[in-house]
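Chemist: The structure follows.
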Amino acid sequence: MNRRDFLYGMSGALVGGARALPVEGAVTERPDARDSFMISNVSVFDSARGVLVPDQTVVIQDDVIAAVGTGVRDDSFDVTRIDGRGKYLLPGLIDAHVHLSHILYQSHMTGDEILPFFLAHGVTSVRSTGDNVPAQRLVQRHAERTPHTSPRVFMASFLIGGSPAHHPDVGWSLDKPEDVPEFVAHMAAWGVTTLKLYINVAPEVGRRVIEEGHRHGLMVAGHLTSYHPSDAIRDGIDSLEHIYTVADFIRRDPDDRHSVDLRSDAAKRLIDQIAESQVFVDPTLMVFWGTLFFVDDPQVIEHADNASMPRRLLDFWHLDNPRRLDSFSSGPIAVRRGTFQTYMELVGLLHRAGARVLVGTDAPEPQVPPGSSLHHEMEFLVQSGMSPAEVLSAATLVNARVLKADDRIGSVTPGKKADLVLLDANPLTDIRNTRRISHVFKDGAALLPAEILTAAPR
24 MNRRDFLYGM SGALVGGARA LPVEGAVTER PDARDSFMIS NVSVFDSARG VLVPDQTVVI
84 QDDVIAAVGT GVRDDSFDVT RIDGRGKYLL PGLIDAHVHL SHILYQSHMT GDEILPFFLA
144 HGVTSVRSTG DNVPAQRLVQ RHAERTPHTS PRVFMASFLI GGSPAHHPDV GWSLDKPEDV
204 PEFVAHMAAW GVTTLKLYIN VAPEVGRRVI EEGHRHGLMV AGHLTSYHPS DAIRDGIDSL
264 EHIYTVADFI RRDPDDRHSV DLRSDAAKRL IDQIAESQVF VDPTLMVFWG TLFFVDDPQV
324 IEHADNASMP RRLLDFWHLD NPRRLDSFSS GPIAVRRGTF QTYMELVGLL HRAGARVLVG
384 TDAPEPQVPP GSSLHHEMEF LVQSGMSPAE VLSAATLVNA RVLKADDRIG SVTPGKKADL
444 VLLDANPLTD IRNTRRISHV FKDGAALLPA EILTAAPR
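According to the numbering used here, the sequence shown is numbered sequentially starting from 24.
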């Protein structure tokens with residue numbers, strides 16, 4: 024796309040917001056959606072320190088966390104009281120890599136239709152990483168109007184590349200550095216948080232996008248092939264998207280995706296550079312598992328997380344659909360499994376070196392269901408060598424930092440937005456317990472996952 028705003032993914036009829044719900048047995052009547060709450064005797068996850076703090080009292084007033092601690096008096100606030108004994112309170116989860124018109128355009132859906140799936144799974148904020156901007160703004164506006172069925176939406180630019188544009192529904196061709204300032208100013212005026220450099224962007228254009236983006240206070244992400252990540256890091260890029268943006272540059276054979284050599288000098292240099300620069304790395308292991316490597320594997324296609332997805336999305340995901348995007352699912356499955364294990368090992372090496380790892384999914388790519396896929400991604404990150412606490416900190420506070428929103432979200436801190444997830448089991452003993460959601464708090468409303476999903480299409 025070049026100097027034209029094609030409005031793919033336009034929002035249709037808007038769904039209404041869910042009402043706030045009480046925790047079972049805690050209240051005698053249904054509180055209003057903007058009620059105030061006091062959760063007592065709850066274990067709170069401190070995302071800055073990566074620990075659970077027991078026996079805390081958390082007060083929510085309107086859409087803000089008003090108090091957290093052990094000395095909060097019950098008579099200090101007019102609230103609905105919730106007994107949090109045996110429960111665990113997390114900051115709202117953030118998916119750091121989603122699309123809200125791209126992919127959905129192929130499945131004849133609009134971005135507003137998938138928002139309830141995120142929120143019902145405790146994902147209270149999403150970071151777009153490249154979409155049609157006007158369509159995306161309509162999705163964001165819908166989310167703002169329906170806060171009790173939608174996560175917060177942080178927008179990104181079109182996918183910035185050379186000519187021809189990849190993915191004409193969301194791509195934008197920039198071939199000359201001198202064209203960059205006008206484009207970036209245009210994106211800033213739309214209110215995007217992130218500029219997305221894409222596959223065939225010329226290095227000199229990418230460099231100028233980083234420079235202009237930072238001048239406007241924007242973050243710059245890269246899914247890179249023609250622009251070496253080492254050069255992009257030196258130029259000041261903020262995040263590397265997809266683990267193969269790293270892995271593809273440390274192959275023994277440049278033409279063989281499965282020849283990644285983690286023991287090479289090139290690998291060590293790049294890993295060290297990433298860690299020292301503190302650039303964010305967003306592995307998105309889910310898209311390699313669900314879409315690229317194993318899309319022909321029945322265990323992936325028939326995964327239980329896919330069952331609740333809308334029929335139009337499932338039809339698009341089907342391998343026989345001619346509109347479906349290409350995958351890497353060629354060659355023996357044992358080789359592909361080996362490469363996926365190598366990718367997870369690379370994530371572990373980056374983490375141990377001190378890199379800042381994000382938690383993103385690439386939803387709604389095939390077999391990457393919105394919402395539940397973030398929990399699956401966290402499971403993969405634990406398998407890669409991160410502890411459950413480290414993964415939860417990444418999915419909350421670190422993800423908030425890549426959005427420049429850690430002053431508002433990402434931790435259970437007084438003054439921040441009351442975007443929270445209440446669990447029935449300890450996530451630090453088993454990361455899969457993040458799926459055991461009692462309630463989601465969004466903008467201060469207490470919501471049942473099942474009720475949120477009443478706003479979702481089938």
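The C-beta atom is built at its ideal place from N, Cα and C for all residues, glycine as well.
Ordered along the chain, which non-local residues of its own chain (more than five positions away) have a Cβ less than 7 Å from that of G377?
Modeler: Position 354 of the sequence shown, counted from the start, is the residue given in the question as residue 377. Taken in chain order, the residues that qualify are A298.
Chemist: What residues match up with W195 in a beta bridge as DSSP calls it?
Modeler: As a working note, residue 195 is residue 172 in the sequence shown. Note: W195 sits in a beta bridge opposite I183.
Chemist: Alpha carbons only, please: which of W340, D295, A208 and R335 is nearest the one belonging to E325?
Modeler: Here the question's residue 325 lines up with position 302 in the sequence shown. When only C-alpha atoms are compared, the closest one is W340.
Chemist: For T362, list the residues DSSP reports as bridge partners.
Modeler: Here residue 362 refers to the residue found at position 339 of the sequence shown. DSSP, once it has assigned bridges, lists no residue as partnering T362.
Chemist: Relative to the alpha-carbon of D69, which residue among F60, Q79, Q390 and S63 has its alpha-carbon at the smallest distance?
Modeler: Reading the sequence shown from its first residue, position 46 is the one you call residue 69. D69 has its Cα closest to that of Q79, out of F60, Q79, Q390 and S63.
Chemist: Secondary structure at P392, three-state DSSP: helix, strand or coil?
Modeler: The sequence position of residue 392 within the sequence shown is 369, counting from 1. Three-state result, P392: coil.
Chemist: Let me make sure I understand the geometry here. Which of T362, A473 and I233 has the alpha-carbon closest to that of R459?
Modeler: Position 436 of the sequence shown, counting from 1, holds the residue named residue 459. Nearest option by C-alpha distance: A473.
Chemist: Quick one: Cα of S479 to Cα of A327, how far?
Modeler: Start at 1 with the first residue of the sequence shown, and residue 479 comes out as number 456. Start at 1 with the first residue of the sequence shown, and residue 327 comes out as number 304. The identity of residue 479 in the sequence shown is Ala, whereas the question assumes Ser. Between A479 and A327, the C-alpha separation is close to 18 Å.
Chemist: With respect to the beta strand (DSSP E) encompassing S262, which residues constitute its N-terminal and C-terminal limits?
Modeler: In the sequence shown, residue 262 corresponds to position 239, counting from 1. First-last of the beta strand (DSSP E) with S262: S262 to E264.
Chemist: Would you give the residue range spanned by the alpha helix (DSSP H) that I294 belongs to?
Modeler: The residue you call residue 294 lines up with position 271 of the sequence shown. From DSSP, the alpha helix (DSSP H) with I294 extends over D288 to S300.
Chemist: Do you know whose CA, among S180, P252 and G134, lies nearest P333's CA?
Modeler: On the sequence shown, residue 333 is found 310 positions in, with the first residue counted as 1. If we check each option's Cα against that of P333, G134 comes out closest.
Chemist: Using three-state DSSP, classify A158 as helix, strand or coil.
Modeler: Within the sequence shown, residue 158 is the residue found at index 135, counting from 1. Residue state, collapsed to three classes: helix.
Chemist: Report the CB separation of D320 from I356 in whole angstroms; it is logged as a contact under 8 Å.
Modeler: Against the sequence shown, residue 320 aligns to sequence position 297. Against the sequence shown, residue 356 aligns to sequence position 333. Sure, about 7 Å apart at Cβ, within 8 Å.
Chemist: Between R168 and G245, what straight-line distance do the alpha-carbon atoms span, to the nearest angstrom?
Modeler: Position 145 of the sequence shown, counted from the first residue, corresponds to residue 168. Position 222 of the sequence shown, counted from the first residue, corresponds to residue 245. R168 and G245: Cα-Cα distance of roughly 31 Å.
Chemist: Is DSSP giving L373 helix, strand or coil here?
Modeler: Counting from one through the sequence shown, the residue named residue 373 turns up at place 350. L373 falls in the helix class under three-state DSSP.
Chemist: With 16 other CB atoms within 10 Å as the buried threshold, where does K440 fall?
Modeler: One-based indexing of the sequence shown puts residue 440 at position 417. The residue in question, K440, is buried, as its Cβ has 16 or more Cβ neighbours within 10 Å.
Chemist: Tell me whether H190 counts as near the ligand COA, meaning its Cβ is closer than 7 Å to at least one heavy atom of that ligand.
Modeler: Only the bare structure without any ligand can be found here, which leaves the ligand COA out of the picture.
Chemist: Which value, in whole angstroms, describes the spacing of the CA atoms of G194 and Y221?
Modeler: As a first step, residue 194 must be located in the sequence shown, where it is residue number 171. As a first step, residue 221 must be located in the sequence shown, where it is residue number 198. C-alpha separation (whole angstroms): 9 Å.
Chemist: Kindly identify the DSSP beta-bridge partner or partners of K219.
Modeler: Working through the sequence shown from its first residue, we reach residue 219 at position 196. DSSP, once it has assigned bridges, lists L182 and A244 as partnering K219.
Chemist: Any idea what DSSP makes of Y128, helix, strand or coil?
Modeler: To locate residue 128, count along the sequence shown from 1; it is residue 105. If DSSP states are grouped into helix, strand and coil, Y128 belongs with coil.
Chemist: Out of V81, F177, V283 and E201, which one is the CA nearest neighbour of R96?
Modeler: Translated into the one-based positions of the sequence shown, residue 96 becomes position 73. Closest option to R96, Cα to Cα, is V81.
Chemist: At a cut of 8 Å, does the stretch 275–283 reach the stretch 231–250 through at least three beta carbon pairs?
Modeler: With a cut-off of 8 Å, the stretch 231–250 and the stretch 275–283 do not count as touching, because too few Cβ pairs lie within range.
Chemist: Report buried or exposed for H251, applying the criterion of at least 16 other Cβ atoms within 10 angstroms of its Cβ.
Modeler: Taking the first residue of the sequence shown as 1, we reach residue 251 at position 228. Exposed.
Chemist: Give every residue of the same chain whose Cβ lies closer than 6 Å to the Cβ of D466, excluding the five residues on either side of it in the sequence, and list them in chain order.
Modeler: Your numbering for residue 466 matches position 443 in the sequence shown. Cβ neighbours of D466 beyond the five flanking positions: D86 and P170.
Chemist: Kindly indicate which residue of R375, P387, T365 and L315 has the alpha-carbon position closest to the one of D338.
Modeler: Residue mapping note: residue 338 aligns to position 315 of the sequence shown, counting from 1. Checked all of R375, P387, T365 and L315; the closest Cα to D338 is P387.
Chemist: From the DSSP output, read off the bridge partner residues of G92.
Modeler: On the sequence shown, position 69 is the one that residue 92 refers to. In DSSP, G92 forms a bridge with T80.
Chemist: Contact between the stretch 156–164 and the stretch 200–207: three or more CB pairs below 8 Å?
Modeler: No, they do not touch.
Chemist: Measuring straight from C-alpha to C-alpha, what distance separates G259 and M132?
Modeler: Residue numbering aside, residue 259 sits at position 236 when the sequence shown is read from its first letter. Residue numbering aside, residue 132 sits at position 109 when the sequence shown is read from its first letter. When rounded, the distance between both Cα atoms is 36 Å.
Chemist: Applying the 10 Å Cβ sphere with the 16-neighbour rule, what's the burial state of T452?
Modeler: For this step, residue 452 is matched to residue 429 along the sequence shown. Exposed, because fewer than 16 other Cβ atoms sit within 10 Å of the Cβ of T452.
Chemist: Going by DSSP, what residues sit across from Y111 in a beta bridge?
Modeler: The sequence position of residue 111 within the sequence shown is 88, counting from 1. Note: Y111 sits in a beta bridge opposite S66 and L446.
Chemist: Determine, using beta carbons only, whether H239 and A208 come nearer to each other than 8 Å.
Modeler: As a working note, residue 239 is residue 216 in the sequence shown. As a working note, residue 208 is residue 185 in the sequence shown. Yes. Within cutoff.
Chemist: How long is the line joining the alpha carbons of P157 and F363, rounded to whole angstroms?
Modeler: Counting from one through the sequence shown, the residue named residue 157 turns up at place 134. Counting from one through the sequence shown, the residue named residue 363 turns up at place 340. Going by the C-alpha atoms only, they are around 36 Å apart.
Chemist: Tell me the DSSP secondary structure of D268 in three-state form.
Modeler: Residue mapping note: residue 268 aligns to position 245 of the sequence shown, counting from 1. For the sequence presented, residue 268 should be read as Thr rather than Asp. Looking at T268 - three-state DSSP - the assignment turns out to be helix.
Chemist: Let's see if you can read the secondary structure: which residues bound the beta strand (DSSP E) around R104?
Modeler: Here residue 104 is taken as the residue at index 81 of the sequence shown, counted from 1. Note, R104: beta strand (DSSP E), T103 to D106.
Chemist: Can the beta-carbon of L113 be found closer than 8 Å to that of L443?
Modeler: The residue labelled residue 113 in the question sits at position 90 within the sequence shown. The residue labelled residue 443 in the question sits at position 420 within the sequence shown. Yes; because the gap between Cβ atoms is below 8 Å, this pair is in contact.
Chemist: Could you check the C-alpha separation between N449 and G107 for me, to the nearest Å?
Modeler: Here residue 449 refers to the residue found at position 426 when the sequence shown is read from its first residue. Here residue 107 refers to the residue found at position 84 when the sequence shown is read from its first residue. Going from the Cα of N449 to the Cα of G107 covers about 13 Å.
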